[in-house]
Ligand SMILES: [Zn+2]
Ligand SMILES: [Zn+2]
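Numbering (my numbering), first residue to last: 8 to 1018.
Spelled out as structure tokens, the structure:
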């Protein structure tokens, strides 16, 4: 019992030891066995992409997930502990492309889709394993072998069912529209993927003013402005603002008057008078422009804040252009292919939009169409996955209409408990503004969309693998998984005309994969449970996940709680909500905790290329998991967290107080051979206070866990440890020296309870200390010990001591303000307020080393009032100097919290007030609690002598420590003759330093000898 603790914890080493011990003793398994069959607490894990090593920002979410799972398990609940990995879609493909040195879709096809799929699976398996290991090191308890991987055939089939349902409701359609397009990835991206600030970069682009010569007005031209030269090849119209004024310069150039920049005007017209004018396009000679008639159209949205006030319109290369094109029946010319390279009929064949920039500008210049070529730096959208600047293309994509589901989702969101609360409104905003869901990606290793459009007009949506096989035109013998290229070989028979139909080549948005998991992993509408039944298709070799039956789904759906980063509002929270609402009309979660981003310790974004990124493994190896978890838990989740060694070291320093308290106990418990089961004897008031204070801790922590509010866990625990160490232990030291059983008993109970309630936050340190503190009748691990019953409450007593501690704190403040050492005894302290502390005057006197503590008005105070210049200066103007001088002379009256001076009434916020002690007194005040104290700073010869005695005691005890003496060793002290006067207090000195004898015998410095 009570194995000794080292002087301070080596977090990483201690954590490795606990990890190994948890494994050896099967602590997690035993916890699960203990809770099996109990009331359930359902947590649903949002999948993390198994694609790279874990980032430190993942550790925040994983800390929160583990923390609340551990808490609910300690409360006896049964949990599922299923972890999830996202495992297909664009982000996996992009990483594998990098790995293989592939730069385009063409190269993927040359490499072979089957091989490419294999590489994707290998990467996911590799990083899934790595992330599981890193998560375990963080302390996360999950059923790792049972992790779900979204590329499982089972998962895919569930999504097919959802898509079939959408089709049955008429929500599914193929849209021909302009979308943001990544030329590198060769696919369009959807609104929810591209939302958010980090999806933009500051980029420098050309800023061109270009002349479009008018056909029916000899020598005149429109001047348009563009930052995307490549789109000029697809120009079909120019838009003017109908109500704006346009002017012609002597050179025949038409500009909006507001943008003409002082150019001379020889003619003026309203915008609507320009509508219908025909002009020669900038690239009329390319093949694609043959037969296109360019004209001026009206558009109310033309900006007069930038450019020329005339906007060039290319419906095939811009979203607004496309919409205008529909309205005015304009031709849609798409100049670039999937890879963003020019199609031959637009000239510049094979060049990228970037590469074509300079040749286009040169070409315009040679043909005298260029008015001016400048540069502009602006916020420009980039691909969320690969960082390539996006372009707009008009393409066919598949969409799910969302109008029918919008209101049900908004209604259901009102029932969800969001933490922090205001994120609920963010969800509402997203739901109100979400556009139709673009679900198709022109890619390879992803969810195969089961859409089979027949030339007869019939669209078949397949809902399961069985249905696919049944409707196949020929027996299918080679379909190892529901992925390309294998699935592309299967043709089905059209139900309407009987023709053979092929699948569309597109794969699905990865958020479909993650969005279905509340159904697919819990076995919704699955008749019989299948062991390892989720480990199908690509997932066969990477997991042993089961496919439960519908009864299981009924038990675990909806999740009691989910937790992900704030940006998941428009991603995972959105997709699971959308899919569950569609399939069963309910949301899949009851409560959400969401949190912001991790920055570096100076508040900058972390980037590998900036050298300020810290990866998870480095953090855990060097800081330890508990300090990292403590840092995350203490953070208000609605604010970004600044992560780094500085903050982590600060946490370690704070955790030391707990460690020292536990070590203090263990050291004395060993000396006394303390037995927690033995009768403690009579408790003292301080013991009863610690019991009540511990009960308060248990209440506060329980409440914070129930509210999912981790900053309060950290605040409450640190305040408790401060009380424990800096009040209880400080005030009881002498009792421990004497082996007081009541004190040992009380401290033991408090430490055990504290370790229990903090265990979910820092599981390693908690279990390590638990093992040091436990007696034989207690469970092996704190995680098998359940939750402590709050002991006897005594709010009155706790409030009293809180007030005592505030008085002591103020007393110390006054003392250090006056520059008097803490060891120097003083005569008197006067306390104003703090009525509840009256019964503790002796303790206050002892703590502050004053002879007397009295309650009374602290009138020994000089009031110093100065003008608060920013507030008062403007109001008083020229009177200010006189008022300032009057204040300095003390010529003012106090009136209703403010001051009257020279006939002016100054409010409390117009002055700076400082209370200073009268000569010989030091004053400190706490406006919040209304407590003021005044300390008599006079040091008479008697006090001075006592001060020297305390200095000596302090010095001798330091010498004991330096000499490595045990706590029980007795000593003999020798003092120089010059210190002989201190012997008047010989008994006190002996008592404090465990001396059997003190003598003066000519030494130059004090000496100690062990006896
Ligand atoms: Zn991209
Ligand atoms: Zn047909």
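Idealized CB from N, CA, C, for every residue including glycine. None of the values given here were measured: they were computed from a predicted structure.
From the options, residue whose alpha carbon lies closest to that of residue i
i, options, result
"residue 109", "22, 132, 191", "191"
"residue 16", "771, 586, 893, 367", "771"
"residue 73", "37, 142, 123, 434", "142"
"residue 556", "584, 527, 581, 571", "527"
"residue 997", "1008, 976, 985, 1012", "976"
"residue 1028", "270, 266, 448, 252", "The displayed coordinates of the chain run from 8 to 1018. Any statement about residue 1028 would go beyond what the structure contains."
"residue 430", "959, 644, 906, 30", "644"
"residue 1048", "149, 702, 960, 586", "Since the first and last residues shown for the chain are 8 and 1018, residue 1048 lies out of range."
"residue 63", "706, 628, 334", "628"
"residue 197", "443, 37, 104", "443"
"residue 92", "83, 101, 139", "139"
"residue 932", "366, 900, 866, 607", "866"
Beta-carbon gap between residue i and residue j smaller than 8 Å
i, j, result
"residue 249", "residue 279", "yes"
"residue 277", "residue 222", "no"
"residue 980", "residue 963", "yes"
"residue 201", "residue 388", "yes"
"residue 382", "residue 213", "yes"
"residue 843", "residue 806", "yes"
"residue 352", "residue 303", "no"
"residue 708", "residue 732", "no"
"residue 255", "residue 241", "no"
"residue 529", "residue 560", "yes"
"residue 163", "residue 451", "no"
"residue 665", "residue 654", "no"
"residue 88", "residue 712", "no"
"residue 411", "residue 178", "yes"
"residue 511", "residue 456", "yes"
"residue 346", "residue 111", "yes"
"residue 401", "residue 184", "yes"
"residue 266", "residue 311", "yes"
Three-state secondary structure assigned by DSSP to residue i
i, result
"residue 691", "coil"
"residue 155", "strand"
"residue 189", "strand"
"residue 698", "helix"
"residue 433", "helix"
"residue 807", "helix"
"residue 649", "strand"
"residue 82", "coil"
"residue 1", "Residue 1 lies beyond the range of the chain shown here (8 to 1018); nothing can be said about it."
"residue 228", "strand"
"residue 383", "strand"
"residue 664", "helix"
"residue 345", "coil"
"residue 782", "coil"
"residue 933", "strand"
"residue 18", "helix"
Supposed close pair residue i, residue j - CB separation, criterion 8 Å
i, j, result
"residue 166", "residue 454", "6 Å"
"residue 813", "residue 725", "With 8 Å as the limit, residue 813 and residue 725 do not qualify as a contact, their Cβ atoms being about 17 Å apart."
"residue 739", "residue 750", "5 Å"
"residue 53", "residue 623", "With 8 Å as the limit, residue 53 and residue 623 do not qualify as a contact, their Cβ atoms being about 18 Å apart."
"residue 967", "residue 11", "Not quite, the Cβ-Cβ distance comes to about 19 Å (not below 8 Å), so this is no contact."
"residue 217", "residue 376", "6 Å"
"residue 651", "residue 171", "Actually they are not in contact, since the Cβ atoms of residue 651 and residue 171 sit about 50 Å apart, beyond 8 Å."
"residue 890", "residue 908", "6 Å"
"residue 399", "residue 187", "6 Å"
"residue 22", "residue 47", "Their Cβ separation, rounded to whole angstroms, is 30 Å, which puts residue 22 and residue 47 out of contact at 8 Å."
"residue 913", "residue 952", "Incorrect: roughly 48 Å between the Cβ atoms, too far for contact."
"residue 544", "residue 159", "6 Å"
Residue i Cβ short of 7 Å to ligand 3 heavy atom set
i, result
"residue 465", "Ligand 3 is not among the ligands present in this structure, which contains only ligand 1 and ligand 2."
is_contact[residue i, chain C] using C-beta, thresh 8 Å
i, result
"residue 656", "Among the chains in the structure shown there is no chain C, since it carries only a single protein chain."
Around ligand 1, which residues pass a check of Cβ closer than 7 Å to any of its heavy atoms? Answer in sequence order: 101, 189, 191, 192, 390, 392, 393, 395.
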